[in-house]
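Protein chains in written order, with this note's numbering: chain P, 4 to 283; chain S, 131 to 541. In this text, a Cβ means the ideal position worked out from N, Cα and C, and glycines have one as well. See below for the structure under consideration.
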Amino acid sequence: MANIPQRIIHEWLRHDKKFPHVWCAGCSNGIVLGSIIRALAGMNIDRDDIVMVSGIGCSSRMPVYVDFNTLHTLHGRSIAYATGIKMHKPHLKVIVITGDGDCTAIGGNHMIHAARRNIDLTVILINNSIYGMTGGQASPTTPHEAIATTAPYGNIEPDFNVCDLAMGAGASFVARTTAFHTVEVQNIVREAIDHPGFALIEVISACPVIYGRLNKKGGPPQMLKDMRDNSVPLSAAEKLPPEKLEGKIIRGVLRKEIKPEFCASYADLVKRVQAMGGEK
Amino acid sequence: MQKKTKTTKTAPKPTKPTAEKPDSKLGELQTTRERKTVLMQGNEAVAYGALDAGCDFFAGYPITPSTEIAEILALELPKRGGVFVQMEDEIASICAITGASLAGAKSLTATSGPGFSLMQEGIGFARITETPCVVVNVQRVGPSTGMPTSCAQGEIQQSRWGSHGDSPAIVLYPDSVKECYELTIRAVNLAEKYRTCVILLLDEVLGHMREAVSLPDMANVRVISRIKPTVPPHWYKHYDKNQKYLSPLASYGEGYRFHVTGLTHDQLGFPTNKVTEAAEMMDRLRKKITYNIRDLVQIESYQMEDAKIAIFAAGIVARAAKAAVAMARLEGIPVGLLRPLTIWPFPDEAVRKMLRDVDIVVVPELNQGQLVREIQRLVKDRSDSKLIKIQRVNGQLISPQDILSTMKEGM
Numbered sequence: 004m005a006n007i008p009q010r011i012i013h014e015w016l017r018h019d020k021k022f023p024h025v026w027c028a029g030c031s032n033g034i035v036l037g038s039i040i041r042a043l044a045g046m047n048i049d050r051d052d053i054v055m056v057s058g059i060g061c062s063s064r065m066p067v068y069v070d071f072n073t074l075h076t077l078h079g080r081s082i083a084y085a086t087g088i089k090m091h092k093p094h095l096k097v098i099v100i101t102g103d104g105d106c107t108a109i110g111g112n113h114m115i116h117a118a119r120r121n122i123d124l125t126v127i128l129i130n131n132s133i134y135g136m137t138g139g140q141a142s143p144t145t146p147h148e149a150i151a152t153t154a155p156y157g158n159i160e161p162d163f164n165v166c167d168l169a170m171g172a173g174a175s176f177v178a179r180t181t182a183f184h185t186v187e188v189q190n191i192v193r194e195a196i197d198h199p200g201f202a203l204i205e206v207i208s209a210c211p212v213i214y215g216r217l218n219k220k221g222g223p224p225q226m227l228k229d230m231r232d233n234s235v236p237l238s239a240a241e242k243l244p245p246e247k248l249e250g251k252i253i254r255g256v257l258r259k260e261i262k263p264e265f266c267a268s269y270a271d272l273v274k275r276v277q278a279m280g281g282e283k
Numbered sequence: 131m132q133k134k135t136k137t138t139k140t141a142p143k144p145t146k147p148t149a150e151k152p153d154s155k156l157g158e159l160q161t162t163r164e165r166k167t168v169l170m171q172g173n174e175a176v177a178y179g180a181l182d183a184g185c186d187f188f189a190g191y192p193i194t195p196s197t198e199i200a201e202i203l204a205l206e207l208p209k210r211g212g213v214f215v216q217m218e219d220e221i222a223s224i225c226a227i228t229g230a231s232l233a234g235a236k237s238l239t240a241t242s243g244p245g246f247s248l249m250q251e252g253i254g255f256a257r258i259t260e261t262p263c264v265v266v267n268v269q270r271v272g273p274s275t276g277m278p279t280s281c282a283q284g285e286i287q288q289s290r291w292g293s294h295g296d297s298p299a300i301v302l303y304p305d306s307v308k309e310c311y312e313l314t315i316r317a318v319n320l321a322e323k324y325r326t327c328v329i330l331l332l333d334e335v336l337g338h339m340r341e342a343v344s345l346p347d348m349a350n351v352r353v354i355s356r357i358k359p360t361v362p363p364h365w366y367k368h369y370d371k372n373q374k375y376l377s378p379l380a381s382y383g384e385g386y387r388f389h390v391t392g393l394t395h396d397q398l399g400f401p402t403n404k405v406t407e408a409a410e411m412m413d414r415l416r417k418k419i420t421y422n423i424r425d426l427v428q429i430e431s432y433q434m435e436d437a438k439i440a441i442f443a444a445g446i447v448a449r450a451a452k453a454a455v456a457m458a459r460l461e462g463i464p465v466g467l468l469r470p471l472t473i474w475p476f477p478d479e480a481v482r483k484m485l486r487d488v489d490i491v492v493v494p495e496l497n498q499g500q501l502v503r504e505i506q507r508l509v510k511d512r513s514d515s516k517l518i519k520i521q522r523v524n525g526q527l528i529s530p531q532d533i534l535s536t537m538k539e540g541m
C-alpha cells in the first residue's frame, strides 16, 4: 500500500493543465495531497466515482490539481455542496478538502450538522493554524498567544480543538495526524473513506512562510521535526499521565463507531414511503 | 400540515434522459393523477409545478411565508424517489441544491427575504458556474425581519443585483395561483436551458391565497432538461465557447471529471487570470441572457390597444390593476395594463412601445420605488410621458380603488 508507484500520482494529477501549483515552498499541502492520492490509488476506486470538494483557502486549492470530479466552492460551504452531491448520487465517494478557517470559522455550522447527520463524507481538514491565503490572520485554531497579522500582540482567544468539536457534534469517525506522518495520513484517509458515515481527519500542517515566520518556528524542516517530536500516538498517550500530554498532538483514530448513515436512512425512508403508496 | 381536500397527487415523473435511480419503485407510482379543478394555494402550486417540471431535489430551511413549499415537497419527493433535505440554514440550502445539480439533479429551494439575502453569494456561484437551479422567494415586508406574514415587493431589484459582481439574472413573477404552477415549470425549464439560477418571485398574498386551479395533463406539460454532452470525456468543455452560450452539461459521476470553480475560469472550467479569457467568460454570462431576450421575456398586455393611460404592475398588484382597468373603462377612461411575467431581463422593448403609445403611465408597487426605476430609465427619450407612482410598504395591499383614485387625481 505504501508502494504506490510515482507513475500513479502523475496520472492522477492534472499536471498538463494546472501546474505549477499555488502553494509556497515548504507548505504541507502537497505532502497531504500525495498521501491522499496514494491512499485512493491503493483502494481500487474508479476515479469517475470520486468527487473532491473544497471551500476557499490554501488547502482548498487542491481539487484543481487532481483528475477527479472536482468542485471548488465558496468560503466555508464545501460540506453543504458535498451534501447535495452525496444525497443525489450516494454511490459517489465525496471527499472534502478544507482548512481550519474554512471548516471551523465560517463553515463551522455546516461541519457540525453534517457530523450530526452522519452523512458519508470524508472531510480532510488541513490545519495550519492561520489564514494563509489572505496573508496570516488569526483563525479559530491559532494557538493562544501566537502571533498573527490580526493578533500582532498575541492571540488572546483560546483555540478550537477540532477533533473534540467534531466528536461533540456526533461525527462517527474522527482522527488526527500530521503532515510529517505521511504513511499514517495515507492509512487514515483510506480507513476514513471506507468508513460508512461522517469522517473528519485533522491533519496538522506547516505554514512556514506565514505562521512559521510570524512565530519564529524555524524553516519547513524544523516545523516538520516539531510535528514528529511534539506528537504522541493515541496508544502511547493513553498510558501517559495528563501532565505529560500538555502541548502534545495526540495522533490516531480517536473515534470510530458505526451509526445509521444519512443517505442510507433516506433510502430506507423512500422505500418505506413507496411501499406504503405514499400514505402516512 | 392540514388535511387537504384536493386529489392525491402521484403524478408521473416527467421523462428524464437518464435513469439515475433505477432501483426506485417509481414505475409503480406512475399512475395518471386526476387532473380535476382543485382549490390550491400559490405555495402548493409552486410545489406541484416543481414536481411536474421534474424536480427531484429540494434543500431548504423553514421560513414564513414560504414554508408550505418545503412541507409539501417533504411529503411528495420521497414518493417519487426524489430527495428532500432540511438544511441547517439558507446558505447551506442554496449550496446543497447547486451541488445536487452538478451531480445531475433538477433542484429547487424556497425561501423569503432574510433567507434570500443569505443565499445571495450562493446564487452568484450558481450563475458564474452556470449550474441550473431554482430559488423561489416568497416576498414579505422587509428590511430585516420586517413583517413576516405581510405582503411586499421589496426584492424586485435585489433579485437582479443582490449578488456581488455582474451576473445575469432570470426572474419570473406570477400573479395567480395557476401562474405560480406554470412559472415554476418555466423557471425549472429556463434554469436547465440557460444553465443558471432562475429566481421565482412570489408575493406573500399569492403564496397563501387559495384559488380554483385546473392543472394541465402531464402530456401537455412541456419539460426541458439540460443537454448532455455526447463527446468523449477528453473533448468535453464544461463551458464550450463554440456552443452559442448554451453548452451541454455533464454531471459528476458520468466519466467527464470536470472542474467547477467560483473563480473566473476558462472554457474548461479551470481558473484563469488571462484578460481575454476573463472577458470571454463575462461576455458569455451576459450574452446568454441578452441574446435570448425574446425567448426569456413574457409580458401580458391587457386592453392596451387604444389605451392613453397604462398601468405597469407585477404580481398581486397587477391583479388590482386589472380590476382598476375595468372600473376605469366603465367610466370611459382609456386605460390598459402592461404586466411583466419576466421582470429580469427587463422587458425594455415592450415598455418603450408602451411609452410611445400612452400619455400617462401609472406604476403601483408594494415598495418604495423599484419597478418605477426601470420605467424612469426608459422614459428619458419621451419626457412628456407623465409618471404616476403609487408606492406602499405597510403590509397592506394596493386596492383597485387606490389605483383608480390616484390615477384620476394625476390626470
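So, do the region 74-90 of chain P and the region 229-241 of chain S have three or more beta carbon pairs nearer to each other than 8 Å?
yes
Would you say Thr125/P faces chain S, with C-beta separation under 8 Å as the test?
no
Could you list the residues in the region 283-295 of chain S with a C-beta less than 7 Å from some C-beta on chain P, going in chain order?
none
Going by C-alpha to C-alpha distance, which of Gly337/S, Val328/S and Ala235/S sits closest to Thr197/S?
Gly337/S
Should Ser154/S go down as buried or exposed, given a rule of 16 or more other Cβ atoms within 10 Å for buried?
Model confidence at Ser154/S stands at a pLDDT of 36, short of 50, so the residue's coordinates are unreliable; what they give is reported in the following sentence. That one is buried.
Within the 8 Å Cβ cut-off, does Pro263/P reach chain S?
no
Are the beta-carbon atoms of Met170/P and Arg258/P separated by less than 8 Å?
yes
Rounded to a whole number of angstroms, what is the C-alpha to C-alpha distance between Gly280/P and Asp123/P?
28 Å
Establish whether the CB of Pro378/S and some CB of chain P are separated by less than 8 Å.
no
Residues within the region 40-59 of chain P neighbouring chain S, beta-carbon criterion of under 7 Å:
Arg50, Asp51, Asp52 and Val54
DSSP has Tyr432/S in a bridge; who is on the other side?
Leu467/S
Beta-carbon spacing of Pro143/P, Asp162/P below 8 Å:
yes
Can you tell me where the alpha helix (DSSP H) holding Arg416/S begins and where it ends?
Val405 to Thr420
Chain-ordered residues of the region 174-199 of chain P with a beta carbon less than 9 Å from chain S:
none
Identify the residues that DSSP records as bridge partners of Ile11/P: which are they?
Ile11/P is not bridged to any residue.
Does any residue of chain S have a CB that is nearer than 8 Å to the CB of Gly33/P?
no
Residue burial classification, Ala141/S (beta-carbon count within 10 angstroms, cutoff 16)
Residue placement at Ala141/S is poorly supported in this model, since its pLDDT is 43, which falls under 50; the coordinates still yield a value, given next. It is buried - the Cβ of Ala141/S has at least 16 other Cβ atoms within 10 Å.
Under a CB-based cut-off of 8 Å, is Asp70/P close to chain S?
yes
Going by DSSP in three states, Ile193/S sits in which element: helix, strand or coil?
coil
Taking the alpha-carbon positions, what's the Ala83/P to Ala177/S distance?
23 Å
Any contact between the region 11-24 of chain P and the region 35-42 of chain P? By contact I mean 3 or more CB pairs, one from each, below 8 Å.
yes
With distances taken from CA atoms, which of Ala282/S, Arg290/S and Arg340/S is nearest Glu309/S?
Arg340/S
Could you check whether the region 483-494 of chain S touches the region 432-442 of chain S, counting it as contact only if at least three pairs of C-beta atoms, one from each stretch, sit closer than 8 Å?
yes
Taking the continuous beta strand (DSSP E) assigned at His91/P, which residues delimit it?
That residue, His91/P, is in no beta strand (DSSP E); its alpha helix (DSSP H) goes Ser81 to His91.
Min CB distance His368/S to chain P below 8 Å
no
Chain S within 8 Å of Leu217/P, Cβ atoms only:
no
Does the Cβ-Cβ distance between Ile98/P and Ile127/P come in under 8 Å?
yes
Three-state class that DSSP yields for Val186/P in the structure shown
helix
For the alpha helix (DSSP H) holding Ser289/S, just list the boundary residues, first then last.
Gln288 to Trp291
What three-state label does DSSP hand Gly157/S in the structure shown?
Annotation note: pLDDT 35 at Gly157/S (below 50); position unreliable, no value reported.
In this structure, how does DSSP classify Phe265/P when only helix, strand and coil are distinguished?
helix
Would a check of beta-carbon distances place Ala230/S closer than 8 Å to chain P?
yes
Partner residues on chain P for Tyr311/S, Cβ-Cβ distance less than 9 Å
Going along chain P, no residue has its Cβ under 9 Å from Tyr311/S, so there is no contact; the nearest lies around 20 Å.
Taking C-alpha atoms, which residue in Arg80/P, Met55/P and Asn130/P lies nearest to Leu95/P?
Met55/P
Below 8 Å on the Cβ atoms is my guess for Ala299/S versus Ser289/S; work out the distance and round it to an integer in Å.
6 Å
Tell me the rounded alpha-carbon separation between Glu241/P and Ile204/P.
20 Å
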